[in-house]
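Just so we're aligned, residue 9 is where the sequence shown starts under the numbering used here, counting upward by one.
From the three backbone atoms N, C-alpha and C, an ideal C-beta is built for every residue, glycine too.
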Amino acid sequence: MPTMTAAQRREQARTEYDAFIKACPTHQLLGRISEKWACLTLAALSSGTLRYSDLARTLAGVSPKMLTQTLRSLERDGLVSRTVTPSVPVRVDYALTDLGHSLAEMMTAVKNWAETHIMEVHEARERYDTEGAEDNAGTASDAGAQK
């Protein structure tokens, strides 16, 4: 393997993706797909094609504006396809693309993990809040004493 100059290493680093770098496109994509409504929309569509109204009912609590924005960004990223059928009223169906299916499997797994472990998370939060309140009381007084 030939030795690389510093300039060559910098150029190579620019062409490789690293989601830990804020300016990297993968960092931005990760931010988008990790949003709550994106994750839940992908999980909902993993069971098959849904109309907008079906998605809105499935995703309890999502506003029409947020659902529209989420669907548009997922469509733009090639994860969701939108099919308009001319009728009265117009029918709009949403489905996962092949790329979307590959991601939806992981998002559904995250959703299932959350549903399975929510009680353990609640217990951990309660322990933290109880113990943390005691610890923070000592820390706050210690911090004040250090000034």
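- Across the structure, residue 47 and residue 92 are spaced so that their CA atoms are roughly 23 Å apart.
- Here the stretch 82 to 98 makes no contact with the stretch 116 to 127; the two share fewer than three CB pairs at distances below 8 Å.
- Counting the other Cβ atoms within 10 Å of the Cβ of residue 39 gives fewer than 16, which makes it exposed.
- For residue 89, the enclosing beta strand (DSSP E) covers residues 88 to 93.
- Residue environment for residue 78: buried (at least 16 other C-beta atoms within 10 angstroms of its C-beta).
- By the neighbour-count definition (other C-beta atoms within 10 Å, threshold 16), residue 49 is a buried residue.
- 75 is the residue among 14, 75 and 10 whose C-alpha sits nearest the C-alpha of residue 53.
- Rounded to the nearest angstrom, the gap between the Cα atoms of residue 31 and residue 102 is 31 Å.
- Separation of residue 84 and residue 37 (C-alpha to C-alpha, rounded to the nearest whole angstrom) is 11 Å.
- Residue 107 counts as exposed, since fewer than 16 other C-beta atoms from the protein chains shown sit within 10 angstroms of its C-beta.
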